[in-house]
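If you're matching positions, the sequence shown starts at 419 in my numbering and goes up one per residue.
C-beta atoms are modelled at their ideal positions from N, C-alpha and C, and glycine is treated no differently.
Values in this document were obtained by computation on a predicted structure and should not be read as measured data.
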Amino acid sequence: MIVVMRHMAPPEEVEAVTSRLSRAGFQVHLSQGVARTIIGVIGNDTKTRLPGMALEAMPGVEKVVPILQPYKLAGREFKPENTVIRIGEFTIGGEDIHVMAGPCAVENREQILESAYQVKQAGATMLRGGAFKPRTSPYSFQGLEEEGLKLLAEAREATGLPVVTEVMDPYTLHLVAEYADVLQIGARNMQNFHLLREVGKLEKPVLLKRGPSATIEEWILAAEYIMAGGNYNVMLCERGIRTFETYTRNTLDLSTVPVLKQLTHLPVIVDPSHGTGKWKLVQPMSRAAIAAGADGLIVEVHPNPSEALSDGPQSLNPENFAAMMGQISRIAEVMGRRMAGMPR
Ligand code: PEP
Ligand code: MN
419 MIVVMRHMAP PEEVEAVTSR LSRAGFQVHL SQGVARTIIG VIGNDTKTRL PGMALEAMPG
479 VEKVVPILQP YKLAGREFKP ENTVIRIGEF TIGGEDIHVM AGPCAVENRE QILESAYQVK
539 QAGATMLRGG AFKPRTSPYS FQGLEEEGLK LLAEAREATG LPVVTEVMDP YTLHLVAEYA
599 DVLQIGARNM QNFHLLREVG KLEKPVLLKR GPSATIEEWI LAAEYIMAGG NYNVMLCERG
659 IRTFETYTRN TLDLSTVPVL KQLTHLPVIV DPSHGTGKWK LVQPMSRAAI AAGADGLIVE
719 VHPNPSEALS DGPQSLNPEN FAAMMGQISR IAEVMGRRMA GMPR
C-alpha cells in the first residue's frame with residue numbers, strides 16, 4: 419500500500435503518519451517528490467490491517483492506495499521519479515547517457531590498459547572487464563580472479579574510468595567489492611537470492627543483468643531483493659533472452675526498455691554484445707537501444723577481437739567502437755540526452 423500525502427503537506431504531518439505505521443509494525447519508505455510525499459508501507463498484512471487504521475482521517479493524508487504490482491520499492495507506483503545513481507563524478511538515470519565498455523575478460527595487463535585507453539578515447543565513461551567469468555564449460559578460461567581485479571584497479575588509476583566487474587557468489591563478494599565501482603550480477607545469477615541479499619547490504623551500485631529465461635516481473639523482483647536490503651542503487655541490464663531463434667546468440671528484447679521505464683524508476687542499460695553474439699549487430703542494436711530510451715550501454719570491446727580469450731565474435735575493435743559512439747551521440751541528441759563522456 420502507499421499513502422499519498424496532500425500537496426505540500428508539512429513534515430510534522432508526514433512524521434505523524436510514518437511513526438503511527440512504524441508503531442503498528444510496518445516497514446515504511448519515504449519517497450519525497452517535488453510537490454508530494456508518498457509513503458510506501460511494507461508488511462505482509464497491509465491489505466487486511468491498513469484499512470482499519472483509518473489513515474485517511476489523519477491530517478495531511480490524501481489517499482491510501484493498494485500497490486497492484488508484486489514489487490514495491492522498484493515500482494513507479496511507489497516512487498514516480500527516476501532513480502539517479504551516483505558513480506564517482508557521474509550520474510546515471512538522469513539526462514546523461516553512459517557507455518561502459520571493455521573486454522569480456524581481463525586477460526593481461528597490456529590488454530586491459532590498452533582497452534581502457536581506447537574506450538576512454540572514444541567517449542566511454544566506465545571500464546568493463548570480468549575477473550571472475552561464468553563460463554558454460556568448465557574447460558574454458560575462467561578469468562584471472564584477484565589478479566584481474568588488481569589489473570582493473572590499475573586501469574582505473576591510469577584512466578580515471580570507474581570499473582564495472584562481475585561478482586559470481588557471496589564468498590567473493592567482499593573481495594570484488596573492494597575493487598569494483600559497479601558490481602555486475604550476471605544473467606546466470608539473476609535469481610541467486612543469497613547473492614542478491616548480500617549485495618543488498620552494501621551501498622555499491624549494482625548492474626543486474628536479465629536472466630536468459632526471466633520474465634520482466636521476475637527480473638524486477640530480483641532487483642526488489644537487493645532493494646529490500648537497503649541498496650537502492652540498482653540498474654537493470656537487458657542482455658537478450660533465450661528464444662527459438664538460433665541465428666543470434668540471444669534475442670535482444672529491446673521492448674523491455676520502454677516497459678521497464680513504465681514499470682520502474684530504475685536506470686535501464688542495454689548489452690548489445692551478449693544480446694546478439696555478433697559484432698556486426700552491435701552498432702545497429704546500440705543505436706536502437708538509445709532510440710528506445712536506454713540510459714546507457716555495456717559493450718564488449720577488445721584491442722584485437724580475433725585473439726580474445728572469450729566472446730571475441732561479439733567484441734568490437736576500437737575503430738568500430740569509436741564509430742558506434744559517433745552514431746549513438748547523434749541519436750542521443752535527438753532523444754534530448756547527452757553523452758556523458760563526449761564533448762557537447
Ligand atoms: C559478461 O558480461 O561478460 C557476461 C558474462 O554477461 P551475461 O551475464 O549477460 O552473460
Ligand atoms: Mn562476455
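Length of the line joining the Cα atoms of Ala598 and Glu513: Here residue 598 refers to the residue found at position 180 of the sequence shown. Here residue 513 refers to the residue found at position 95 of the sequence shown. Taking the straight line joining both Cα atoms gives about 24 Å.
Contact set for Ser745: own chain, Cβ-Cβ below 8 Å, skip 5 residues either direction: Walking along the sequence shown from the start, residue 745 turns up at place 327. The residue asked about is misnamed: residue 745 is Gln in this sequence, not Ser. Non-local beta-carbon contacts of Gln745 in its own chain, meaning distances under 8 Å to residues more than five positions away in sequence, involve Gln701, Ser704, Arg705 in chain order.
Terminal residues of the alpha helix (DSSP H) in which Val585 lies: Start at 1 with the first residue of the sequence shown, and residue 585 comes out as number 167. Here Val585 belongs to no alpha helix (DSSP H), and DSSP marks it neither H nor E.
Inter-residue CB distance, Glu758 and His516 (contact presumed, cutoff 8 Å): On the sequence shown, position 340 is the one that residue 758 refers to. On the sequence shown, position 98 is the one that residue 516 refers to. Residue identity differs from the one stated: residue 758 is Ala in this sequence, not Glu. That belief holds up - the Cβ atoms of Ala758 and His516 are roughly 5 Å apart, short of 8 Å.
Alpha helix (DSSP H) segment containing Gln560, residue limits: For this step, residue 560 is matched to residue 142 along the sequence shown. No alpha helix (DSSP H) contains Gln560, which DSSP labels as neither H nor E.
Contacts around Ala453, its chain only, beta-carbon distance under 8 Å, and the 5 residues preceding and following it disregarded: In the sequence shown, counting from the first residue as 1, residue 453 sits at position 35. Within the same chain, Ala453 has close Cβ partners His425, Met426.
Near the ligand PEP: Gly548 beta-carbon under 7 Å from a heavy atom: Against the sequence shown, residue 548 aligns to sequence position 130. Flag set: Cβ of Gly548 near the ligand PEP.
Residue interval of the beta strand (DSSP E) (run including Glu480): As a first step, residue 480 is located in the sequence shown; it is residue number 62 there, counting from the start. Here the beta strand (DSSP E) through Glu480 covers 479-483.
Paired residues, beta bridge with Glu656 - DSSP: Numbered from its first residue, the sequence shown carries residue 656 at position 238. Paired residue(s): Val688.
His692 CB to nearest heavy atom of the ligand PEP below 7 Å: Numbered from 1 along the sequence shown, position 274 holds the residue referred to as residue 692. Result yes, Cβ under 7 Å from the ligand PEP.
Through-space distance from Val688 to Leu639, alpha-carbon basis: Your numbering for residue 639 matches position 221 in the sequence shown. Your numbering for residue 688 matches position 270 in the sequence shown. When rounded, the distance between both Cα atoms is 19 Å.
Continuous alpha helix (DSSP H) stretch holding His720: start and end: In the sequence shown, counting from the first residue as 1, residue 720 sits at position 302. Premise fails: His720 is in no alpha helix (DSSP H) and is neither H nor E.
Contact test: Ser655 Cβ vs the ligand MN heavy atom, cutoff 7 Å: In the sequence shown, residue 655 corresponds to position 237, counting from 1. Correcting the residue identity first, residue 655 is Cys in this sequence and not Ser. Not so, every heavy atom of the ligand MN lies at least 7 Å from the Cβ.
Lys698, buried or exposed, once every other Cβ within 10 Å from all chains shown has been counted against 16: Position 280 of the sequence shown, counted from the first residue, corresponds to residue 698. Counting Cβ neighbours within 10 Å, Lys698 comes out exposed, since fewer than 16 surround it.
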